[in-house]
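Peer 1: Residue numbers (this note's numbering): 1335 to 1451. One structure follows; several queries about it will come next.
The following block contains the structure:
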């Protein structure tokens, strides 16, 4: 399990984007905001909660990208990763491309482990 950190605002968890993943009741994890308001609860793993945060915070364009990528097979997702790498100039990857690569990697890994998307 990833190590939980205590932040200046008193939250003990893992910051992911604008939300925090914190220990829930028993063996689950919850998503809260910086004011400690519960966003969603009952995740089996930190990774599941982080994936939900990615989907919650995605703008419309990124949400469509996630939806389309979710329909691809593992082989097609690997090809999509190579496509992103081939457009990269080898120096600094643009932020949008880096985000898309992260999404494709996450979906590919979750499919390989047969986890929910």
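Built from N, CA and C at the ideal position, the CB exists for glycine as well.
Compare the C-alpha of residue 1362 against each of 1342, 1344 and 1384 and name the closest.
Peer 2: Minimum Cα distance to residue 1362 is reached at 1384.
Peer 1: Grab me the residues of residue 1406's own chain with a C-beta within less than 7 Å of its C-beta, minus the 5 sequence neighbours each way, in chain order.
Peer 2: So the qualifying residues of the chain are 1414.
Peer 1: Does the Cβ-Cβ distance between residue 1444 and residue 1451 come in under 8 Å?
Peer 2: Cβ distance < 8 Å, so residue 1444 and residue 1451 count as in contact.
Peer 1: Using alpha carbons as the reference points, say which of 1371, 1368 and 1379 lies closest to residue 1449.
Peer 2: Of the listed residues, the one whose Cα sits closest to residue 1449 is 1379.
Peer 1: DSSP beta-bridge partners for residue 1364?
Peer 2: Answer is 1356, bridged to residue 1364.
Peer 1: For residue 1377, count neighbouring C-beta atoms within 10 Å of its own C-beta (all shown protein chains included) and say buried if the count is 16 or more, exposed if not.
Peer 2: Result: buried.
Peer 1: Using a Cβ-Cβ cutoff of less than 7 Å, which residues in the same chain neighbour residue 1355 once the five nearest sequence positions on both sides are dropped?
Peer 2: The answer, listed in chain order, is 1347, 1348, 1363, 1365, 1380, 1383 and 1384.
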